[in-house]
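Chemist:
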Amino acid sequence: MPNTGQSSLQPRTAQQRIAQWCWREVRSGQLWIIALALTLIFASVFALTALSSRLEQVIIKQGKDALTADLVFESSNPLPEDVTKSLQAQSNVTTAKLTRFATMAFSDSQMQLISVNAVGDSYPLQGSLTLTSQQGVTNQVKPGELWLDERLFALLDIKEGDLLAIGDSELSVSGRITEFPGLSFNPFQQMPAALMHADGIEETGAIQPGSRVRYKLFIDAPTTVLDELQASVELTPSERWRTVDSGSRTNDVFANTEQFLSLTVVVVILMAATTLVLTCQHYVSTRQQLVSMLKSMGATKQWLRRWLGIQIGILALLSILFGTGLGMLLEYGLRFSLAELLPSPLPSYGVRPFITAFLTCTLIAIPAMGIPLLRLLDTKASQVIAQSAETDKASRWLLVFVPIVPFLMAYSGNKLVWFILLGLVGLVVLLGLVSVGLVAVAQGLSAKPAYKLALSRINRSKIATGLQFGCLAFSVMLLAILWLVRTDLLSDWQRTLPADAPNAFALNIADYEKATYLGTLDAAGIDRSEAFPIIRGRLSLVNDVDAKEVQKQGSDTDAVRRELNFTWAEALPDYNDVLEGEWTESKGVSVEEQVAEALSIQIGDELTFVINSQTFVATVNSIRHVEWRDMKPNFYFIFTPDVMASIPSTYLVSFRLSDQDDDLFTELSRNHPTVSLMDIRVMGEKIQSLVGQIVWAITLLAGLAGVAGLLLIYTLLNLSLVERQSEMKLYRTLGASGKRLKNTLWIEYGVMALVASLVATIGAESVVAGVMNFGFNLSPQIHYWVWLTLPLLTMLTLAIVVQGGMRRILVPLRKG
1 MPNTGQSSLQ PRTAQQRIAQ WCWREVRSGQ LWIIALALTL IFASVFALTA LSSRLEQVII
61 KQGKDALTAD LVFESSNPLP EDVTKSLQAQ SNVTTAKLTR FATMAFSDSQ MQLISVNAVG
121 DSYPLQGSLT LTSQQGVTNQ VKPGELWLDE RLFALLDIKE GDLLAIGDSE LSVSGRITEF
181 PGLSFNPFQQ MPAALMHADG IEETGAIQPG SRVRYKLFID APTTVLDELQ ASVELTPSER
241 WRTVDSGSRT NDVFANTEQF LSLTVVVVIL MAATTLVLTC QHYVSTRQQL VSMLKSMGAT
301 KQWLRRWLGI QIGILALLSI LFGTGLGMLL EYGLRFSLAE LLPSPLPSYG VRPFITAFLT
361 CTLIAIPAMG IPLLRLLDTK ASQVIAQSAE TDKASRWLLV FVPIVPFLMA YSGNKLVWFI
421 LLGLVGLVVL LGLVSVGLVA VAQGLSAKPA YKLALSRINR SKIATGLQFG CLAFSVMLLA
481 ILWLVRTDLL SDWQRTLPAD APNAFALNIA DYEKATYLGT LDAAGIDRSE AFPIIRGRLS
541 LVNDVDAKEV QKQGSDTDAV RRELNFTWAE ALPDYNDVLE GEWTESKGVS VEEQVAEALS
601 IQIGDELTFV INSQTFVATV NSIRHVEWRD MKPNFYFIFT PDVMASIPST YLVSFRLSDQ
661 DDDLFTELSR NHPTVSLMDI RVMGEKIQSL VGQIVWAITL LAGLAGVAGL LLIYTLLNLS
721 LVERQSEMKL YRTLGASGKR LKNTLWIEYG VMALVASLVA TIGAESVVAG VMNFGFNLSP
781 QIHYWVWLTL PLLTMLTLAI VVQGGMRRIL VPLRKG
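For the sequence shown, position 426 matches number 426 in the UniProt record's numbering, and the numbering has no gaps at all.
1. My guess is that Thr99 and Val268 are in contact by the Cβ rule of under 8 angstroms, so how many angstroms apart are they, rounded?
2. Going by DSSP in three states, Asp227 sits in which element: helix, strand or coil?
3. Could you check the C-alpha separation between Ile177 and Phe655 for me, to the nearest Å?
4. Taking one C-beta from the stretch 783-799 and one from the stretch 741-761 each time, how about it: are there three or more such pairs within less than 8 angstroms?
5. What residue range does the beta strand (DSSP E) around Ile177 cover?
6. Can you name, in chain order, every residue of its own chain whose Cβ lies under 8 angstroms from the Cβ of Asp522, other than the five neighbours on each side?
7. Mind checking Tyr636: buried by the 16 CB within 10 Å criterion, or exposed?
8. Determine the DSSP secondary structure at Gly247, reduced to helix, strand or coil.
9. Here's the rule I'm using: 16 or more other beta-carbon atoms within 10 Å means buried, otherwise exposed. How should Arg624 be labelled?
10. Could you check what DSSP says for Lys301 in three-state terms: helix, strand or coil?
11. Would you list, in sequence order, the uninterrupted alpha helix (DSSP H) runs of no fewer than 4 residues that lie entirely inside the stretch 68-141?
12. Taking only the alpha-carbon atoms, compute the straight-line gap between Leu399 and Phe407 and give it to the nearest angstrom.
13. How is Ile603 classed by DSSP in three states: helix, strand or coil?
14. Let's test the definition: count the other Cβ atoms within 10 Å of the Cβ of Gln551 and tell me whether it reaches 16, buried, or not, exposed.
15. What's the C-alpha gap between Ala193 and Ala531?
16. Count the other C-beta atoms from every protein chain shown that fall within 10 angstroms of the C-beta of Pro78, then say buried if there are 16 or more, exposed otherwise.
17. Between which two residues does the alpha helix (DSSP H) carrying Arg375 extend?
18. Does the beta-carbon of residue 818 have 16 or more other beta-carbons within 10 angstroms, so that it is buried, or is it exposed?
19. If we require 3 or more residues per run, which beta strand (DSSP E) segments fall completely within the stretch 568-651?
20. What does the alpha-carbon distance come out to for the pair Thr277 and Pro367?
21. Would the beta-carbon of Thr84 fall within 9 angstroms of that of Ser122?
22. From the DSSP output, in three-state form, read off Asn503 for me.
23. For Gly537, does the three-state DSSP call read helix, strand or coil?
24. Going by C-alpha distance, which of Leu38, Leu330, Asp378 and Ala569 is nearest Ser319?
25. Less than 9 angstroms separating the beta-carbons of Lys142 and His197?
26. Across the stretch 563-573 and the stretch 630-646, are there enough close Cβ pairs to call them in contact, namely three or more that are closer than 8 angstroms?
27. In the DSSP assignment, find the unbroken beta strand (DSSP E) run with Lys514 in it and report its ends.
28. Just mark Ala547 as buried or exposed, buried being the case when its beta carbon has 16 or more other beta carbons within 10 Å.
29. From Glu748 to Ala501, what distance separates their C-alpha atoms?
30. When the Cα atoms are used, what is the spatial distance from Ser169 to Ile355?
31. Check each candidate in Val560, Ile534 and Gly525 and name the one with the smallest Cα separation from Ser540.
32. Whole angstroms is fine: what's the gap from Thr275's alpha carbon to Leu711's?
33. Looking only at C-alpha atoms, which of Ala316, Ser456 and Ser91 sits nearest to Thr744?
34. I'd like the list of long-range same chain contacts for Arg151, defined as Cβ closer than 8 angstroms, with 5 residues on each side in sequence excluded.
35. Give the single residue among Gln468, Ile364, Pro372 and Val429 whose Cα lies nearest to the Cα of Ile404.
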């Protein structure tokens, strides 16, 4: 019995000893890199999946809530009578209308630009409309009622029952909008909303020629009726159908944001996975002698599997714990940076991020760790005496398909992903070839022995050297690209709002009040633009050919797909540069260069326009460059005055206000209530805040990629130093001094850092130029500072790694 108890205790002691040994292996300095690489992969996938899950739920909910009908007809012009009458005549069709416009609202002490939504008795057909007042809760707007967004009560300093001036009319505040389909979440809804009955639109006087108004007709009907209706109505450029599947600007922002996050995470995963592969390969090479010795002492494959399995378990546990924590922090940071794009409260992301991150790490780790570890298990016991050639089993490489097959299934139709991956592989090869060429040129620059020895080691194997340089330059280049893109976007934003740019716009100025309005500005000494007449219309023909047919394929202009703001003047604005032709005094039109390029418009071409069902013809007299970001009134088409002489219009003027002009702003708003006065100072602050948050998100992602990149650079240099250790012993045996060996190492890695950083700088400048030009439509620029700072930072990083590795390499030599 005692023997039985003792034998039952012995296995537990053995297990503890194996576990302690495995823990020492993890702490020894090699396996912690594997744990860190897995942690980065786990955290980045966790954060992206969590944020994407929330965005997906928000988009789906918004799509269902915002439509409020089976089908919606939208137009910038009043709804066609033939469409509304034909629908009303059908018994199985239900309709509702909404008219949306912007105007100023005035309380006794405050004013605010608001978005007014005028609805009929049947609105909404679907979704939930909840209006709350002291009398209770209702879901229908009655004539004479005015319901306000919660924000307006504080902005206008009013309470329920107070009078509020909307344009020329005064309405009593009925209560609060608790829930309104389409307004519950919209990051681009800069103006708070008000809800009134459609019968009161005319009394406000806010809708005039040139006003920005959106008319909507909501339709509930069987699918066959909806299909027939859409087929029978010929849409004009200002009209469109909307269904649940229709895209929106909000959805596009989310899609672009998610795509940017996805691409950044892919880069992080690639660098972390490369680090994982290199570290595992090196670990196996350093443990083959140990495994051979253990086998010669009687260790079985089963015992070795348990030994390696415990190490893998420890690494997995550390990666999951730290990866989950870091992933939650990263998701919080990204969510914080995009706070104004997300609703509150946010939906829960559940367990999906954890499962996705775990599966991703597992799929990557199986081939990255499995192939070298299987080779380690197959090490022969005889290798403890003499090295023998390994027979690499082809079956091990089948593990490569473990992550590749799911990847192919997930991204088989995504050309962008494949283009990026193939581009990355090609870029590594190109950077490696250029680096090898530069090193070959550098070999003849000096005749010193240490220099010759260092360069000979670098050039010993062209393939290995090219791969090493390619990976090193690629890592440095990725870090540089992320930082340069961030820098360029930030500087471009700073150029978007120059110090002297207009910060206020007055729209819908009627002809009868134009002189008074401008006189008030001039009397106050306000720097303003000229008053531009505004009317909405569309381009229909180019040289008697349908404009849609002449538009070049692939052009992204929407000038022929929607109504535009037209203006006319005696001369062109001085801030528009004329590229071709010259301004004429009659029957002429000046065209913006991008539209001219997309439609192949040339000087002398005849253009036909439709405005309020009237047709106008003008001859192209000039083509202009328009800088749309300078916050000044700009237009695609500017006509000579005679072309539009018979068209009634409103006017637009821009001007610049200072903090001391608030009283003037109030005076203009009260004396001209139907004029939409937009204070860009407030909007600019909101946009600047939003851009600042996006910059924070970019910086956060760049920091994560930076950690992955530095980890890869460290791994590459550290493994290279370890490979040099046996060579150093040989050189020392042959009589080389420690000082000379140090010099050769510094020269070798100094050349590597200089060449890799130089190639990385050239690659980064080229890639960033392409990204800025084609991705953001910005002019590329040369970053002179990066040509100095990037080599210095690379050499500094290398010096830290080499200094630490040199002690490990040369200390044994001193003892010998």
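Just so it is clear, CB atoms sit at the ideal spot from N, CA and C, and this is done for glycine as well.
This structure is a prediction, so every number in the text was calculated from the model and none was measured.
Modeler: In brief:
1. Translated into positions along the sequence shown, residue 99 becomes position 99. Translated into positions along the sequence shown, residue 268 becomes position 268. Actually they do not touch by this definition, with Cβ atoms about 48 angstroms apart.
2. Taking the first residue of the sequence shown as position 1, residue 227 is located at position 227. Three-state result, Asp227: helix.
3. Looking up residue 177 in the sequence shown gives position 177. Looking up residue 655 in the sequence shown gives position 655. Approximately 34 angstroms, taken between the alpha carbons.
4. Under the three-pair Cβ rule at 8 angstroms, the stretch 783-799 counts as touching the stretch 741-761.
5. To locate residue 177, count along the sequence shown from 1; it is residue 177. Its beta strand (DSSP E) spans residues Ser169 to Glu179.
6. Taking the sequence shown and counting its residues from 1, the one referred to as residue 522 is at position 522. Answer for Asp522: Arg528, listed in chain order.
7. Sequence index remark: in the sequence shown, residue 636 carries index 636 (1-based). So Tyr636 counts as buried.
8. Reading the sequence shown from its first residue, position 247 is the one you call residue 247. Summary for Gly247: the model assigns pLDDT 47, below 50, so the residue's position carries little reliability, and this model does not support an answer.
9. Position 624 of the sequence shown, counting from 1, holds the residue named residue 624. By the Cβ-count criterion, Arg624 is buried, with 16 or more other Cβ atoms from all chains shown falling within 10 Å of its own Cβ.
10. Residue numbering aside, residue 301 sits at position 301 when the sequence shown is read from its first letter. Residue state, collapsed to three classes: helix.
11. Note on the stretch 68-141: whole alpha helix (DSSP H) runs with a minimum of 4 residues are 81-88, in chain order.
12. One-based indexing of the sequence shown puts residue 399 at position 399. One-based indexing of the sequence shown puts residue 407 at position 407. Computed Cα separation, rounded: 14 angstroms.
13. For the purposes of this step, residue 603 is taken as residue 603 along the sequence shown, with counting starting at 1. Under the three-state reduction of DSSP, Ile603 is assigned to coil, being neither helix nor strand.
14. Taking the sequence shown and counting its residues from 1, the one referred to as residue 551 is at position 551. Answer is buried; the Cβ neighbour count reaches 16.
15. What you label residue 193 is simply residue 193 of the sequence shown in a count that begins at 1. What you label residue 531 is simply residue 531 of the sequence shown in a count that begins at 1. Straight-line Cα distance between these residues: approximately 29 angstroms.
16. For this step, residue 78 is matched to residue 78 along the sequence shown. A residue is called buried once 16 or more other Cβ atoms fall within 10 Å of its Cβ, and Pro78, having fewer, is exposed.
17. The count along the sequence shown starts at 1 and reaches residue 375 at position 375. Looking at the DSSP string, the run of the alpha helix (DSSP H) that includes Arg375 is Arg352 to Leu377.
18. Outside the shown range of the chain, which is 1 to 816, sits residue 818, and nothing can be said about it.
19. The qualifying runs are 577-581, 588-592, 606-611, 614-625 and 637-639.
20. In the sequence shown, residue 277 corresponds to position 277, counting from 1. In the sequence shown, residue 367 corresponds to position 367, counting from 1. Thr is not the amino acid found at residue 277; the sequence shown has Val there. Straight-line spacing of the CA atoms in Val277 and Pro367 works out to 9 angstroms.
21. As a working note, residue 84 is residue 84 in the sequence shown. As a working note, residue 122 is residue 122 in the sequence shown. Their beta carbons are not under 9 angstroms apart, which means Thr84 does not touch Ser122 by this criterion.
22. The residue you call residue 503 lines up with position 503 of the sequence shown. Three-state DSSP puts Asn503 in coil, outside helix and strand.
23. Taking the sequence shown and counting its residues from 1, one reaches residue 537 at position 537. In the structure shown, Gly537 sits in a strand (DSSP, three-state: E or B).
24. Walking along the sequence shown from the start, residue 319 turns up at place 319. Looking at the Cα atoms, Leu38 is the closest of the given residues.
25. Here residue 142 refers to the residue found at position 142 when the sequence shown is read from its first residue. Here residue 197 refers to the residue found at position 197 when the sequence shown is read from its first residue. Their beta carbons are under 9 angstroms apart, which means Lys142 touches His197 by this criterion.
26. With a cut-off of 8 angstroms on Cβ pairs, the stretch 563-573 is in contact with the stretch 630-646, counting three or more such pairs.
27. Translated into positions along the sequence shown, residue 514 becomes position 514. Note, Lys514: premise wrong, no beta strand (DSSP E); alpha helix (DSSP H) at Lys514 to Ala523.
28. As a working mapping, residue 547 is identified with position 547 in the sequence shown. Here Ala547 is buried: its Cβ has 16 or more other Cβ atoms, across all protein chains shown, within 10 Å.
29. If you number the sequence shown from 1, residue 748 lands on position 748. If you number the sequence shown from 1, residue 501 lands on position 501. Their backbone Cα atoms lie some 54 angstroms apart in a straight line.
30. Your numbering for residue 169 matches position 169 in the sequence shown. Your numbering for residue 355 matches position 355 in the sequence shown. When rounded, the distance between both Cα atoms is 58 angstroms.
31. Taking the sequence shown and counting its residues from 1, the one referred to as residue 540 is at position 540. Looking at the Cα atoms, Val560 is the closest of the given residues.
32. In the sequence shown, counting from the first residue as 1, residue 275 sits at position 275. In the sequence shown, counting from the first residue as 1, residue 711 sits at position 711. Approximately 7 angstroms, taken between the alpha carbons.
33. Looking up residue 744 in the sequence shown gives position 744. Residue Ser456 is the option with its Cα nearest to Thr744.
34. By one-based count along the sequence shown, residue 151 stands at place 151. Pro192.
35. Residue 404 sits at position 404 when you count from the first residue of the sequence shown. The option with the nearest alpha carbon to Ile404 is Ile364.
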